[in-house]
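Visitor: Before I ask anything, let me first share the structure, which is written out below as structure tokens.
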Amino acid sequence: MCGRTACSLAAEQIRRACAYRDGRGRRRDPDWRDGDRNKYKPSFNKSPHSHCPVLVSRKHFHKDADSTEQLLAAMRWGLIPSWFRESDPSKMLYNTSNCRSDGMLHKNSYKEDGEEWQGRRLLTMAGLFDHWAPPGGGEDLYTYTVITVDASKAMDWIHDRMPAILDGEEAVRMWLDYGQVPAMEALKLIHPTERIALHPVSTVVNNSRNDFLDCIKPIELGVKKEVKPTASSKLMMNWLQNPSPKKEEASPGSQHTVKVETPKKSSVGLMQMWLQKTEEPSAKKLRTS
1 MCGRTACSLA AEQIRRACAY RDGRGRRRDP DWRDGDRNKY KPSFNKSPHS HCPVLVSRKH
61 FHKDADSTEQ LLAAMRWGLI PSWFRESDPS KMLYNTSNCR SDGMLHKNSY KEDGEEWQGR
121 RLLTMAGLFD HWAPPGGGED LYTYTVITVD ASKAMDWIHD RMPAILDGEE AVRMWLDYGQ
181 VPAMEALKLI HPTERIALHP VSTVVNNSRN DFLDCIKPIE LGVKKEVKPT ASSKLMMNWL
241 QNPSPKKEEA SPGSQHTVKV ETPKKSSVGL MQMWLQKTEE PSAKKLRTS
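Okay, structure coming up:
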């Protein structure tokens, strides 16, 4: 699966869009984890290594909380397992922005050490997260990966994989509530879905530095976009269309000096490493996001 998502909502809008009912049936907006609200930056073009909003059970961070309570955290896209021993997370040589649903339970990297929202529904994707502590000390890094499944008929013409989409608030609740919902029961939520709307977008999204509306704006395939001339291009066209005045012919006896310039010289498979890992913690639980 490719590595692009978009989340242009402000931090407070995300809270409202992620409203849920807790164990007592109360309608609540999830809080942001302390300090994470400022780590998240809205974007029309999010790529791996950027910080994205991740919804988790509050109990992961507050052990006295009920597992039905939810919390928003800003996590870096691209899983760095807790057992990673390098001092620099950028030395993680394998792509962990996505993980296959059919192998995530068998790979060590995925084992453990008020006002109602009226906007469009969020595309809620199932994922796994972990936290990595720098060996030399420092702030823990929370990272996540998106689970993928076989592509549905709606998407198999694009790619053979698609994100595992949690369809509706109840599916999100069951996936996150690891205290009351067994892992094998939650895994039944992971399957392809046809309930998704698609539209093509511009290739400007391929450059992660581009962050504007055209990255998500629908386009019509096969239709060339009309390029409006700029002031400089108009000036150039006028110059090309108007011939320059003829130069006076040289007399037979006149001499010309021609300067000849020497031309310048031109200047010339995704997670296999964890299948062989032997030093992972022996008892870990699955963290879902």
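The numbers in full-length UniProt numbering rise by one with no breaks, and the one at position 210 of the sequence shown is 210.
Beta carbons: idealized from backbone N, C-alpha and C, even for Gly.
Just so we're clear, the structure is a prediction, and the values are computed from it rather than from any experiment.
Let me make sure I understand the geometry here. Which of 178, 9 and 37 has the alpha-carbon closest to that of residue 123?
Guide: 9
Visitor: Taking buried to mean at least 16 other C-beta atoms within 10 Å of its own C-beta, is residue 32 buried or exposed?
Guide: Label assigned to residue 32: buried.
Visitor: How should residue 238 be labelled, buried or exposed, when 16 other C-beta atoms within 10 angstroms of its C-beta is the threshold for buried?
Guide: exposed
Visitor: Relative to the C-alpha of residue 179, which candidate in 11, 145, 15 and 23 has its C-alpha closest?
Guide: 23
Visitor: Looking at the secondary structure, which residues open and close the alpha helix (DSSP H) in which residue 92 lies?
Guide: Element bounds for residue 92: n/a, residue is neither H nor E.
Visitor: Quick one: Cα of residue 162 to Cα of residue 67, how far?
Guide: 28 Å
Visitor: Considering only the alpha carbon of each residue, which of 202, 149 and 54 lies closest to residue 78?
Guide: 54
Visitor: So if DSSP puts residue 146 in a beta bridge, which residue, or which two residues, is it bridged to?
Guide: 98 and 127
Visitor: On the three-pair Cβ rule with 8 Å, is the region 70-90 touching the region 123-143?
Guide: yes
Visitor: If you measure between the beta carbons of residue 30 and residue 40, is that distance less than 8 Å?
Guide: no
Visitor: Once the 5 residues before and after residue 11 are set aside, which same chain residues still bring their CB inside 7 Å of it?
Guide: 32, 37 and 40
Visitor: Out of 147, 200 and 167, point me to the one whose CA is closest to residue 121's CA.
Guide: 167
Visitor: Have a look at residue 147 and residue 223 and give me their C-alpha separation to the nearest angstrom.
Guide: Their backbone Cα atoms lie some 34 Å apart in a straight line.
Visitor: Output the distance between the C-alpha atoms of residue 221 and residue 4, rounded to the nearest integer angstrom.
Guide: 20 Å
Visitor: Of the choices 185, 241, 170 and 47, whose alpha-carbon is the least far from that of residue 294?
Guide: Nothing about residue 294 can be reported from this structure: the residues present for the chain run from 1 to 289 only.
Visitor: Pick helix, strand or coil for residue 28, following the three-state DSSP scheme.
Guide: Here residue 28 sits in strand by DSSP.
Visitor: Taking only the alpha-carbon atoms, compute the straight-line gap between residue 141 and residue 34 and give it to the nearest angstrom.
Guide: Looking at the backbone, the Cα of residue 141 and that of residue 34 are separated by about 14 Å.
Visitor: Give the range of the alpha helix (DSSP H) segment to which residue 184 is assigned.
Guide: Run containing residue 184: 183-186, per the alpha helix (DSSP H) assignment.
Visitor: What number of angstroms, rounded off, separates the C-alpha of residue 14 from the C-alpha of residue 92?
Guide: Just so you know, the alpha carbons of residue 14 and residue 92 end up roughly 30 Å apart.
Visitor: In the DSSP assignment, what residue or residues form a beta bridge with residue 175?
Guide: Paired residues: none, contrary to the question.
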